[in-house]
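Keeping their order, the protein sequence lines are chains A and G. The first sequence runs contiguously to residue 99 in the working numbering. The second sequence runs contiguously to residue 99 in the working numbering. Where a beta carbon is used, it is the ideal one built from N, C-alpha and C, also for glycine. Have a look at the structure below before the remarks.
Number of protein chains: 2
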Amino acid sequence: MELLKVSSKSNPVSVAGAIANYVKELGSIDVQVIGAGAINQLIKSIIISRGYLAPHGIEISCIPSFVDLKINNDVKTGIKFSIITL
Amino acid sequence: MELLKVSSKSNPVSVAGAIANYVKELGSIDVQVIGAGAINQLIKSIIISRGYLAPHGIEISCIPSFVDLKINNDVKTGIKFSIITL
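Below you can see the structure in the form of C-alpha cells.
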C-alpha cells in the first residue's frame, strides 16, 4: 500500500487531491503524521477529499493507529490513518 | 444519534471508554471537537477504544465532516467525527 506523509505545514487542498487520486486508483491509502498540528491538517484534508470523491460515488472513512517512527535515531510515536472506501 | 464533545483537556482513556460503550450499545456515536488540540485527544481516544472493542469482534472507523457551531453568539467551525462499525 502507498504511504503519504503529512506535516503541520501541508496544504489541505493539495493533500486532499492526493488522497482522492490514490483512493480512486488504489481503493485505499495510508497517511502518516506526527503531532497535533499535522493531525489537524490531515483531518481537514480528508474532509475536503470527501467532496472530491462523493461525486464519483466513493465514500471514505479512516482508521487511526499508533506507529513507532524512527527519526534521526529517535523513536517517536506517530499516527497512521488507513483511509478506506466504504 | 448520541453526541459526545471532546476538548483538548479531555482524558483519552476516559473518552475511549465512553466511545467503546456507545459503540457496543448503539453501533455508532458522533463526536464533536473544535481545534487541533481537541482533534489530537479524540484521535488518541479512538485508537485506545479500538483496543477495547477488538476483543468483542468490533472494528470501528471514523468519518469526519465540518460543522458550524454557535458558541456565545459566535459561529465557529468545528469537526464532527461519525464513529461507525465496519
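Original post:
Quick one, are the C-beta atoms of residue 26/G and residue 73/G less than 8 Å apart?
Top reply: no
Original post:
How would you write the range of the beta strand (DSSP E) that residue 64/A sits in, first residue to last?
Top reply: Segment 49-66 is the alpha helix (DSSP H) holding residue 64/A; no beta strand (DSSP E) there.
Original post:
Could you give the C-beta distance for residue 32/A and residue 42/A, rounded to a whole number, given that I count them as a contact under 8 Å?
Top reply: 6 Å
**OP:** Go ahead and pull the three-state DSSP assignment for residue 93/A.
**Re:** strand
Subject >> Candidates 94/A, 99/A and 67/A: closest to residue 56/A by CA position >> reply: 94/A
Original post:
Any idea if residue 49/A is buried or exposed, counting beta-carbon neighbours within 10 angstroms, 16 or more meaning buried?
Top reply: buried
**OP:** Hey, could you find the ends of the alpha helix (DSSP H) residue 21/A is sitting in?
**Re:** It is not in any alpha helix (DSSP H) - residue 21/A carries neither H nor E in the DSSP assignment.
Original post:
So which of 19/A, 37/A and 24/A has the shortest CA-CA distance to residue 68/A?
Top reply: 37/A
Subject >> Beta-carbon contacts of residue 79/A that lie in its chain and below 7 Å, excluding the five residues immediately before and after >> reply: 90 and 92
Original post:
residue 42/A CB to nearest chain G CB: under 8 Å?
Top reply: no
Original post:
Rounded C-beta distance between residue 97/G and residue 76/G? I'm assuming under 8 Å.
Top reply: 7 Å
Subject >> 8 Å Cβ cutoff met for residue 18/G and residue 45/G >> reply: yes
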